[in-house]
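Scroll down for the structure; my scribbles are underneath it.
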Amino acid sequence: MSREKLEEREQEILLALKSIKDASVPVDLKQPVGRLSRMDLIQQQQMALANKKQLEIGLALIKAAKTRLDSGDYGVCQSCEDEISDGRLNAFPETPFCINCASK
Ligand SMILES: [Zn+2]
-1 MSREKLEERE
9 QEILLALKSI
19 KDASVPVDLK
29 QPVGRLSRMD
39 LIQQQQMALA
49 NKKQLEIGLA
59 LIKAAKTRLD
69 SGDYGVCQSC
79 EDEISDGRLN
89 AFPETPFCIN
99 CASK
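No gaps in the numbering here: position 53 of the sequence shown is 51 in this note's numbering, and each next residue is one more.
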């Protein structure tokens, strides 16, 4: 159950990363575009980059969670070693921390 969820999320992230990759071609500043649209482009690109970073972090979390599934540590907080609640695991299957540690 958890593994399927993690794999589903992994696929989603990989897809999202792929679409960002397609969208974030470098802005050519010498290109004769209007000033506003160039700023738009740069802004868009920065957003895509920030997004990409988030996605890559998510991907790393998922990989780590899958490793924990294999080792039997899944669902245990990596900080305080308490059990992570089912509700939280449902919402964030890749989370390494319980709600208390995550909100610290
Ligand atoms: Zn904890």
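Quick reminder that beta carbons are idealized off the backbone N, C-alpha and C, glycines included.
Suppose you measure from the CA of Leu87 to the CA of Ile60; what does that come to, to the nearest Å? 12 Å
Quick one: residues with CB closer than 6 Å to any heavy atom of ligand 1, in chain order, please. Cys75, Ser77, Cys78, Asp80, Phe95, Cys96, Asn98 and Cys99
Taking the alpha helix (DSSP H) that Ile97 belongs to, which residues open and close that run? Ile97 to Ala100
Once DSSP output is grouped into helix, strand and coil, what is the label at Glu6? helix
According to DSSP, what are the bridge partners of Glu79? For Glu79, which the question treats as bridged, DSSP gives no partner whatsoever.
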